[in-house]
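Here is the structure we will look at.
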Amino acid sequence: MSKNGKNTAGILAGLLAGAAAGVILGMLYAPEEGKETRKKIKNKANDLKDQAKDKYGEVSEKVKDQYGNISSTFKETASNVAHTMKDGYDKYKDQIVSKTADVVKDVEAELNDLKK
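Heads up, the sequence shown is in the numbering used here, so the first residue is 44 and it goes up one at a time.
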């Protein structure tokens, strides 16, 4: 995950934790019966859990999309590099074969001259 994604996840976690703590403290200090307060805390905790699941789903989808994009870009780049390398290899291989043939001809000519 990118640094920006880590920061976003950290901020999101901090906001959810702060919201939960604020709701719980507010309910604990509210002048209501204990049973009613616990019921409200439970309901609010369930709401926050659902919100966290939704946010997790959103972040998860974004990460999957970014991974797909990065993976696709990497594969395309790797393919381009491989093609470039192969083209360069083929080009220089042909040049080397040609130069080697020229050198062999020159050496044969020199040997023939020496034999005479």
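In this text, a Cβ means the ideal position worked out from N, Cα and C, and glycines have one as well.
Supposed contact pair L59 and A95 - C-beta distance, whole angstroms, cut 8 Å:
Correct: roughly 6 Å between the Cβ atoms.
Hey, A52 and V102: beta-carbon distance below 8 Å or not?
yes
So what's E153 in DSSP terms, helix, strand or just coil?
helix
Which of the three DSSP states is assigned to E119 in this structure?
Helix, per DSSP.
Report the rounded CA-to-CA distance for N86 versus E79, giving the unit in angstroms.
Cα to Cα, the separation comes out at about 11 Å.
Reducing DSSP to helix, strand and coil, say where Y99 ends up.
Y99 sits in a helix when the DSSP states are folded into three classes.
Straight-line Cα distance separating A121 from L154
Inter-residue distance for L154 and A121 is about 48 Å (C-alpha atoms, whole angstroms).
Pull up the CB-CB distance for I67 and I84, whole angstroms please, since I reckon it's below 8 Å.
6 Å
Identify whether Y72 lies in helix, strand or coil by the three-state DSSP scheme.
coil
Excluding the five sequence neighbours on either side, which residues of its own chain have a C-beta within less than 6 Å of the C-beta of V140, listed in chain order?
none
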